[in-house]
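Notes follow once the structure below has been shown.
Residue numbers (this note's numbering): 1 to 179.
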């Protein structure tokens, strides 16, 4: 990852707002928004991806600012989508066909799963545990009640579970490779 040159950073702030204090506030708001966006899209290094986005945008401000119409934050978010695609391409790993082998592998898998689940936000952890609860009968009624409880439509529930699983898999793979 590269760093922003001082003159590029000054141009970036000037593009955000002529008042330096307001520009600084906008910068921080955009950075927090980028971090949250990355986190929601399954990025394990949201700060780094957000900073890389800002660095790249800062390098383009000289060419973009004179003709760009609208809120600069939208440009950052659009740019971040591409940086996130690069990140996911770099970090994607094939999912093993059968990750569970002998009994000790199963124990390691459960240990790694527990460790990785602890890294999730409490609401996401609770959602996953409820969604895959073996004591509850899987089916439409279970998912419907879960959706109501978490205020999610069925499609949104499936997508949320998919994204959480997608963020868990690299953590589990890394943990298993260490053991």
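Heads up, the beta-carbon is just placed ideally off N, CA and C, and yes, glycines get one too.
DSSP-derived helix/strand/coil call for residue 155: helix
Entirely enclosed alpha helix (DSSP H) segments - the region 33-115, minimum 4 residues: 46-64 and 72-91
Where residue 9 falls: helix, strand or coil (DSSP): helix
Alpha-carbon spacing of residue 75 relative to residue 55, whole angstroms: 13 Å
Nearest to residue 174 (by Cα), restricted to the options 128, 116 and 6: 116
Residue from 48, 106 and 125 with nearest C-alpha to residue 83: 48
CA-to-CA distance, residue 171 to residue 133, given in whole angstroms: 21 Å
Proximity of residue 80 and residue 53 at Cβ, strictly below 8 Å: yes
Assigned exposure category for residue 168 - 16 Cβ within 10 Å defines buried: buried
Cα-Cα separation, residue 21 to residue 65: 19 Å
Three-way DSSP call (helix, strand, coil) for residue 16 in this model: helix
Extent of the continuous alpha helix (DSSP H) run through residue 147: 140-149
CA nearest to the CA of residue 41, picked from 143, 6, 163 and 178: 163
Residue 119 in three-state terms, based on DSSP: helix
Neighbour-count burial assignment, residue 69, 16 or more Cβ in a 10 Å radius: exposed
Anticipated Cβ contact below 8 Å, residue 127 with residue 150, distance rounded: 6 Å
CB-CB length for residue 27 against residue 16, believed under 8 Å: 6 Å
Pairwise C-alpha distance: residue 43 and residue 23: 27 Å
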